[in-house]
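Going down the list, the sequences are from chains X and Z. So the mapping is simple: my numbering equals the position in the first sequence, first residue as 1, plus 89. Read in my numbering, the second sequence has 321 at position 324, and its numbers run on one by one without any break. Heads up, the thing below is written out as structure tokens.
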Amino acid sequence: MLTVISKRLTQLVPTLFFVSVLIFGLQHLLPGDPALVMAGEERDPVVIEQIRRQYRLDQPIPVQYLHWVRGVLSGDLGESMRLKEPVLDLVRQKLPVTLQLAVMSMIVALVLGVTLGILSAVYRGRTLDHLVNVVGLAGISTPNFWLGIMMILFFAVELGWLPASGYVSPFEDWRQSLATTIMPAFVLGNSIAGVIMRHTRSAMIQALDSDYVRTARAKGLSEGSVVLKHAMRNALTPVITLGALEFGTLLSGAVLTEQIFSIPGFGKLIVDAVFNRDYAVVQGVVLVTATTYIALNLLADIGYILVNPRLRA
Amino acid sequence: MTDAPADVVLEVEDLAVTFEGPDGRRTRAVDGVGFSVHRGRTLGIVGESGCGKSVTSLAVMGLLPKAGARVSGRVVFDGQDLLAASERTMRDLRGDRLAMIFQEPMTSLNPSYTVGDQIMEVLLRHRSMSRAAARERAIEMLRRVRIPTPEQRFDDYPHRLSGGMRQRVMIAMALACDPGLLIADEPTTALDVTIQAQILELMRGLREETGAAIVLITHDLGVVAEVCDEVVVMYAGQVVERASVGDLFAFPQHPYTVGLLGALPRFDERRDRLSAIEGAVPDMSAPPSGCRFAARCPFRIDRCAELPPLAPVAPGRLSRCWRAPLEALAA
Chain X
90 MLTVISKRLT QLVPTLFFVS VLIFGLQHLL PGDPALVMAG EERDPVVIEQ IRRQYRLDQP
150 IPVQYLHWVR GVLSGDLGES MRLKEPVLDL VRQKLPVTLQ LAVMSMIVAL VLGVTLGILS
210 AVYRGRTLDH LVNVVGLAGI STPNFWLGIM MILFFAVELG WLPASGYVSP FEDWRQSLAT
270 TIMPAFVLGN SIAGVIMRHT RSAMIQALDS DYVRTARAKG LSEGSVVLKH AMRNALTPVI
330 TLGALEFGTL LSGAVLTEQI FSIPGFGKLI VDAVFNRDYA VVQGVVLVTA TTYIALNLLA
390 DIGYILVNPR LRA
Chain Z
-2 MTDAPADVVL EVEDLAVTFE GPDGRRTRAV DGVGFSVHRG RTLGIVGESG CGKSVTSLAV
58 MGLLPKAGAR VSGRVVFDGQ DLLAASERTM RDLRGDRLAM IFQEPMTSLN PSYTVGDQIM
118 EVLLRHRSMS RAAARERAIE MLRRVRIPTP EQRFDDYPHR LSGGMRQRVM IAMALACDPG
178 LLIADEPTTA LDVTIQAQIL ELMRGLREET GAAIVLITHD LGVVAEVCDE VVVMYAGQVV
238 ERASVGDLFA FPQHPYTVGL LGALPRFDER RDRLSAIEGA VPDMSAPPSG CRFAARCPFR
298 IDRCAELPPL APVAPGRLSR CWRAPLEALA A
């Protein structure tokens, strides 16, 4: 177990190096000059020159990169050109919001996906299975922005049960926080639930056809115990990996949903930063997202080992 | 059948199983099968793959899929007709009075739980005992199936055990609640020959200790000769011959049995090639109306176009052949 973890941690170094080169390099290919954006309408050459010097934009890209990496290694992600705030502070503010949303979405996705997946595997080929598959497919194929807008129209505008947009931290008022995040969490969780449902279904069908499930039945165990204990334990292994990957995607991919519900998370931060050529923020956010993504994969591997004794040796 | 009726543990009469495919095509996998098993005795069910022997055993256990399998006839176990019993009653019997072990020891144990847990599970399900008592009993069962250092093996996951060891665990699990009947479906087929002999020896020993009746399903006549008291030979879903093991090997009374025995390689005879039964098993979705073995039978006569009954040919033995007794033909 420890060897696996240390091996994966060693892999982290080159992976992060490539990620950092990639984000740094790619973003300089973006058209547009941040100094021009910053200088505003007047475009005073003196001001532009000063901004360039201040943010080292006048230096060659490799030099800029080295400077940035040196900062990152000492815990300094640079400063937002637009907001005049350290990127680390921005990340600290926005990450918990995105994290909360991601966790809630994941709960929605897992509860819906695993439950429906198991049901459709148990009732394979029957009406319930077809019904669940249609629902699952609908979940995958419904665009998030459309579902989000429809939910706002129905639950906020029509019924007035939930606030249409905005965000409240759970540390201020957890009820209000739940009310503001439940719709976006459902929208995000819904599409992932469809994918998880399909994977759970096929893994469960395989497990239910296995010899050890036949053995469990031959022991006189109840169907509940056969399905939920013997088959599920083995079927959930691939679902764990999938869940971790989807969770990582949630951290960076909630851009559209965060926009629709005006949730001040990572998605909104990065979109604003890209539009404003706020390099330091883009780099910082992508780096944090990538690191979290890799860390989640590591956690998934550990979870994998925990449920699968064959890997423990 | 010299035993008193009270000794009969399992009586199967006129068992038929029909599978209905999704396209509505029906396959009669088991057709009018009957046999009885006595306390402390072993009945062998022999036949080639697809003859319906495994389906017969799954029907007895009530383990055939509910959708798609139609079962009829009578399966009387301890005076109770299992085919008429509710699913709940069957669940209470399975693992307790009725136990089964399977052909594939490598995949029949759940890879995610320790072998100890899996044995304890059956005890906790059927016996009101504490976890500690169940653990003790599970370790005792591991010891009884001759697994060395059972206290340590208890916490092992199946992947740490060899095929032979896993089959021992399966046997320990099956016998944990002292069943009246153990069905063993090809229990040694997947194992090395030396391990096979050990497992058979173990089963024989445990049968003597527990007095359980055993139904041993196999295609291996060597295994039959080793452990069975009585034999049922199945062909294409039907019983073609029923006899005590000694009689069967000495004087087979059905051409198919003769063929099976002829297909056994022997040391005391030199042959240029192994003999085999010519032809293939009939298509079970459209079985021939006459004798099902006729197409492959060297002793075929015109009358074989008509299905022969399973009729007595000598005391205690039955054969489904118009030409039985076969002594004159075999010579």
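Idealized CB from N, CA, C, for every residue including glycine. Here the structure is a predicted model, which means the values were calculated and not measured.
message: Quick check on Z/Met167 - is its C-beta less than 9 Å from some C-beta in chain X?
response: For Z/Met167, the answer is yes, since a Cβ of chain X falls inside 9 Å of its Cβ.
- prompt: Looking at the unbroken beta strand (DSSP E) that takes in Z/Met97, where does it start and where does it end?
  reply: Start and end: 95 to 98.
message: Please list, in chain order, the chain X residues whose beta carbon lies closer than 9 Å to that of Z/Leu90.
response: By Cβ distance, chain X contributes Gly309.
Counted within 10 angstroms of its Cβ, other Cβ atoms place X/Thr270 as buried (16 or more) or exposed: In the assembly as shown, X/Thr270 is a buried residue. Its beta-carbon has 16 or more other beta-carbons within 10 Å.
- prompt: Listed in chain order, which residues of the segment 316 to 333 of chain X have Cβ atoms closer than 8 Å to some Cβ of chain Z?
  reply: His319, Arg322, Asn323: these are the residues of the segment 316 to 333 of chain X whose beta carbon lies less than 8 Å from some beta carbon of chain Z, given in chain order.
task: Taking 9 Å as the cut-off, decide whether the C-beta atoms of Z/Val228 and Z/Leu197 are in contact.
output: No.
Beta strand (DSSP E) runs wholly inside the segment 73 to 114 of chain Z, at least 3 long, in chain order: The qualifying runs are 95 to 98.
- request: Using a Cβ cut-off of 9 Å (strictly closer), state whether X/Tyr393 contacts chain Z.
  value: So, not an interface residue.
message: Tell me the DSSP secondary structure of X/Gly337 in three-state form.
response: Secondary structure at X/Gly337: helix, using DSSP grouped into helix, strand and coil.
Identity of the residues DSSP links to Z/Thr24 by a beta bridge: In the DSSP assignment, Z/Thr24 is bridged to Z/Phe16.
message: Quick check: is the beta carbon of X/Val93 nearer than 9 Å to any beta carbon in chain Z?
response: Cβ-Cβ to chain Z under 9 Å: no for X/Val93.
task: Return the residue from the list Z/Lys63, Z/Ala173, Z/Val9 that minimises the CA-CA distance to Z/Thr15.
output: Of Z/Lys63, Z/Ala173, Z/Val9, the residue nearest in Cα terms is Z/Lys63.
- prompt: From the beta carbon of X/Thr204, is the nearest beta carbon of chain Z less than 9 Å away?
  reply: By the rule that beta-carbons nearer than 9 Å mark a contact, X/Thr204 does not touch chain Z.
- request: Return the CA-CA distance between Z/Gln186 and Z/Ile168, expressed in angstroms with no decimal places.
  value: Looking at the sequence shown, residue 186 of chain Z is not Gln but Thr. The alpha-carbon atoms of Z/Thr186 and Z/Ile168 are separated by roughly 15 Å.
task: Report the three-state DSSP secondary structure of Z/Ser33 (helix, strand or coil).
output: DSSP, read as helix, strand or coil, puts Z/Ser33 in strand.
field: Residue ranges of each alpha helix (DSSP H) within the segment 340 to 380 of chain X, 4 or longer
entry: Positions of the alpha helix (DSSP H) runs, each at least 4 residues long and wholly inside the segment 340 to 380 of chain X, are given as 344 to 349, 355 to 364 in order along the chain.
message: Please confirm whether X/Asn222 has its beta-carbon closer than 9 Å to some beta-carbon of chain Z.
response: No - not a single Cβ of chain Z is within 9 Å of the one on X/Asn222.
- prompt: If we ignore side chains and look at the alpha-carbon of each, how far apart do Z/Val310 and Z/Glu133 end up?
  reply: Per the coordinates, the alpha-carbon of Z/Val310 lies some 51 Å from the alpha-carbon of Z/Glu133.
task: Would you verify that the beta carbon of Z/Tyr253 is, or is not, closer than 9 Å to some beta carbon of chain X?
output: Z/Tyr253 has a beta carbon lying at 9 Å or more from every beta carbon in chain X.
field: Exposure of X/Glu335, with buried meaning 16 or more beta-carbon neighbours within 10 Å
entry: So X/Glu335 counts as buried.
4-residue-minimum alpha helix (DSSP H) runs that sit fully inside the segment 144 to 183 of chain X, ordered along the chain: Segments of the alpha helix (DSSP H) lying fully in the segment 144 to 183 of chain X: 150 to 162.
- request: Could you tell me the distance, in whole angstroms, from the CA atom of Z/Asp153 to the CA atom of Z/Asp244?
  value: Answer to the nearest angstrom: the Cα atoms are 45 Å apart.
query: X/Gly121: which of X/Tyr393, X/Glu138, X/Asn365 sits nearest, CA to CA?
result: Of the listed residues, the one whose Cα sits closest to X/Gly121 is X/Asn365.
- prompt: Between the segment 300 to 316 of chain X and the segment 258 to 272 of chain X, do at least 3 Cβ pairs fall closer than 8 Å?
  reply: Look at the beta carbons and you see the segment 300 to 316 of chain X not touching the segment 258 to 272 of chain X: under three pairs across the two are nearer than 8 Å.
task: Taking 8 Å as the threshold, find out whether the segment 223 to 235 of chain X comes into contact with the segment 294 to 305 of chain X through three or more Cβ pairs.
output: Cβ pair count under 8 Å is below three, so no.
message: Between X/Ser194 and chain Z, is the shortest Cβ-Cβ distance under 9 Å, so that the two count as touching?
response: With 9 Å as the cut-off, X/Ser194 does not count as an interface residue toward chain Z.
message: Along the segment 101 to 112 of chain Z, where does the CB come closer than 7 Å to a CB of chain X? Name the residues.
response: If the cut-off is 7 Å between Cβ atoms, the segment 101 to 112 of chain Z has Glu101, Thr104, Ser105, Leu106, Asn107, Pro108, Ser109 near chain X.
message: Given a cut-off of 9 Å on the beta-carbon distance, is the pair Z/Gly49 and Z/Gly234 in contact?
response: Z/Gly234 is positioned such that its CB atom lies closer than 9 Å to that of Z/Gly49.
message: Please confirm whether X/Val396 has its beta-carbon closer than 9 Å to some beta-carbon of chain Z.
response: So yes, X/Val396 belongs to the interface.
message: I want to see whether chain Z comes within less than 9 Å of X/Tyr256, judged by CB atoms only; does it?
response: No - not a single Cβ of chain Z is within 9 Å of the one on X/Tyr256.
message: Between the alpha carbons of Z/Gln195 and X/Phe107, how many angstroms are there, rounded?
response: For Z/Gln195 and X/Phe107, the distance between alpha carbons rounds to 58 Å.
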